[in-house]
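Trainee: Chains as they are written, first to last, in the working numbering: chain A, 28 to 298; chain S, 611 to 923. The beta carbon of each residue, even a glycine, is placed where N, CA and C say it ideally should be. Predicted model only: the values in this text are computed from it and were never measured. Dropping the structure in here first, questions after.
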Amino acid sequence: MDNSQLEEKARNIRLSVLDMVFTAGSGHIDSSFSAVEILVALYYRFLKFRQDEPAWAQRDRFILSKGHAAPVLYAILADLGFFPQSDLSKLRDVASHLQGHPSLETPGIDSATGSLGQGLSIACGIAFANERIHRDPSRQVYALLSDGELNEGQIWEAAMMAAHFRLRNLTAIVDCNGLQYTGATSVVMSTEPLRAKFEAFRWEVLVVNGHSIVELCQALARCADATGPTMILAKTVKGKGVSFMENNLEWHGKVPTPEKYRAARMELENG
Amino acid sequence: MAETTGSLRDAFGSALVELGAKYDDFVVVDADNAPATRSSSFAERYPERFLNVGCAEQNMIGVAAGIALTGVPVIVSTFAIFLCGRAFEQIRNTICRNRLPIVLVGTHAGITVGRDGSSHFAVEDVALMRAIPGMQVLVLSCADQALLMLEAALLERSPVYVRVSRSGSAATSEGRVRLGGGERRMRGTDISFFTCGVVLDRVSAAAEMLAAQGYSVDLIDLYSVKPLDESLVIDSLNRTRAAVVIEEHNTVGGLGEAVMALSATHHPTPFSHICIRETFGRSGGPAELLDLYGVTPVRIAEEAIRVISRKVR
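This is the structure:
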């Protein structure tokens, strides 16, 4: 897929996320929207997997540490054929495998997540095993974190470890949308300066526009030559794609009314 | 009573090495504690199968989970309170929700850690681990059980907590060790003694005292706290109709409450519960501490007689 096709894919994934959360009456649209291009770039350009063999041992792995963005991941996994598209209308339904936060019940999910701060550790464990136990440097592991999640101390334990063991096949991405549940990250608990922090933790740091497929792909391609763990700080907009959701704290975990749903859908269709 | 030999942490350390020779697929993960937990023996013998993540228990659990997610079984060990306490939510959300093949060994459990004092004790660990859905709980009662217990836990290929004391017991065993199992060490009809862990020595001494007074004790080592050997417990209660449960743990959520709940629903029986009651403990010698908190053969025997008098005819 070329870049414009990936951008089109991103638009369709947003529509899918909107539909599934609206139908479910529950879920995090805005947190999902800021992560769309990141996940599209990963899944349609970089990740190595087999949808007919989700447990393929040599696959690349992806840990959605920012677990509440599950709708994006589910939309992509369905689109890629890990499970039927029709399952998406059953997000968070009691009879559905599509849990509110990722679980191993869903084909294509590499770990249960949801409790913020834990995913980078999991990714470190996978990277360590790939390199030192399975001795297969071709296996990559990626983790997507939220900026608010960086408040959690465990993230920094994992960051220390990744650098200490020079886990070069590990790439972490932070979806830096500047907001967390109770307010702007700069107001609630500032994590800046992020680039300096991760560099001080001895990671290679790249900063990109998190909604630019071009920039994301360039950054992800550079990770192949890394000598240690790589951190991509992706500058994003929470709620990206729907004007009244963008950068609006009100929309954290909020489900649109039918009227707002139609308005959002129209914007995305015409965007 | 003098401190007994046969340190359980030493037994764990040796068993881990033996297990490593028998099974070549698992790795061991530590959080800067290997010399104390004795997983250092494994580290020396199999350095390529050992990972120390430094003093970071929450990361340790996530890392262990990551390793296990690639198909490699893991044995994690550190002090019980740090493992079960500090990393409780990680164990629950990352190991147990994923139902991973991980054995969690909590060493320095109970109060018999001794001189380090209460910050390093654990009187809550069994309760914490029991409460997690799907987690199984084993308690090492004597050195002979160590290899069998670790092996049984490893072969479950799902989360198992194994509680190990720093101190030891003189008890020996030739019994099998299995999840949901228990070992009857004395057969009797007057009173049931249910116990696990290093206090087994004191419980055995109490049973000897009672035997000298003409009582016969049904002494059961319930080394599998979750799941309990229900048929063994009920069989014992059927014979004796009075019981004492003794553990090196708080009143809440440990072996005592597990057995008493089973009794209440299947075979209502008068019970006495001897344990480390609502205290974190303090610095002291292991034997002194058990004496201080009333886990003594004399008291166990006295309680037994008291419960026998409450038997429902």
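Do you know how far the Cα of His730/S is from the Cα of Leu221/A?
Mentor: 35 Å
Trainee: With 9 Å set as the bound, which would you pick, yes or no: does the beta-carbon of Arg707/S sit closer than that to a beta-carbon of chain A?
Mentor: Taking a beta-carbon distance threshold of 9 Å, Arg707/S counts as an interface residue toward chain A.
Trainee: Within its chain, find whatever has a CB closer than 8 Å to the CB of Ala68/A; leave out the 5 residues flanking it on each side and keep chain order.
Mentor: Leu33, Ile240, Leu243, Cys244, Leu247
Trainee: Anything in chain S within Cβ reach of Glu277/A, meaning under 9 Å, just list it in chain order.
Mentor: None at all; the shortest Cβ gap to chain S is about 28 Å.
Trainee: Run through chain A and tell me which residues come within less than 7 Å of Glu699/S, C-beta to C-beta.
Mentor: Ser142
Trainee: Run through chain S and tell me which residues come within less than 7 Å of Glu184/A, C-beta to C-beta.
Mentor: Ala666, Gln668, Asn669
Trainee: Would you please state the rounded distance, in angstroms, between the beta carbons of His859/S and Ile886/S? I believe it to be under 8 Å.
Mentor: 6 Å
Trainee: Could you check whether the segment 77-90 of chain A touches the segment 131-143 of chain A, counting it as contact only if at least three pairs of C-beta atoms, one from each stretch, sit closer than 8 Å?
Mentor: yes
Trainee: Determine whether the Cβ of Ala674/S lies closer than 9 Å to any Cβ atom of chain A.
Mentor: Chain A contact via Cβ: present.
Trainee: Suppose you measure from the CA of Glu913/S to the CA of Thr850/S; what does that come to, to the nearest Å?
Mentor: 15 Å
Trainee: Taking the DSSP output, what are the residues bridged to Val747/S?
Mentor: Tyr771/S, Lys836/S
Trainee: Can you name the residues of chain A whose CB is closer than 7 Å to the CB of Val715/S?
Mentor: Within chain A, no residue comes near Val715/S; the closest Cβ sits about 18 Å away, beyond 7 Å.
Trainee: Determine the chain A residues that contact Val638/S at a beta-carbon separation under 8 Å, and present them in chain order.
Mentor: Within 8 Å Cβ-Cβ: nothing; Val638/S doesn't reach chain A, min ~12 Å.
Trainee: Taking the runs of the alpha helix (DSSP H) that are 4 residues or longer, which of them lie wholly in the segment 877-910 of chain S?
Mentor: 896-902
Trainee: Mind checking if Thr614/S is an interface residue toward chain A, Cβ cutoff 9 Å exclusive?
Mentor: In this predicted model, Thr614/S has a pLDDT of only 46, less than 50, meaning its place in the structure is not dependable; the value taken from the coordinates is given anyway. Among the residues facing chain A, Thr614/S is not included, as its CB has no counterpart in that chain under 9 Å away.
Trainee: Tell me the rounded alpha-carbon separation between Thr717/S and Ala741/S.
Mentor: 19 Å
Trainee: Does the count of Cβ pairs from the segment 169-177 of chain A and the segment 204-213 of chain A closer than 8 Å reach three?
Mentor: yes
Trainee: So, do the segment 44-60 of chain A and the segment 117-124 of chain A have three or more beta carbon pairs nearer to each other than 8 Å?
Mentor: Because the criterion of three Cβ pairs below 8 Å is met, the segment 44-60 of chain A and the segment 117-124 of chain A touch.
Trainee: Work out the CA separation of Met28/A and Asn274/A for me, nearest whole Å.
Mentor: 30 Å
Trainee: Assign Asp642/S to one of three DSSP states: helix, strand, or coil.
Mentor: coil
Trainee: Let me confirm a value: Tyr771/S is counted as buried when at least 16 other C-beta atoms fall within 10 Å, else exposed. Which label applies?
Mentor: buried
Trainee: Based on DSSP bridge pairs, tell me the residues matched to Lys262/A.
Mentor: Cys203/A, Asn236/A
Trainee: Under 7 Å Cβ to Cβ from Leu197/A, same chain only, skipping five residues before and after it: list those, please.
Mentor: Ala150, Cys151, Ala154, Val168, Ala189, Pro256
Trainee: At the level of alpha carbons, what is the spacing between Ala911/S and Phe660/S?
Mentor: 45 Å
Trainee: What residue range does the beta strand (DSSP E) around Asp828/S cover?
Mentor: 827-831
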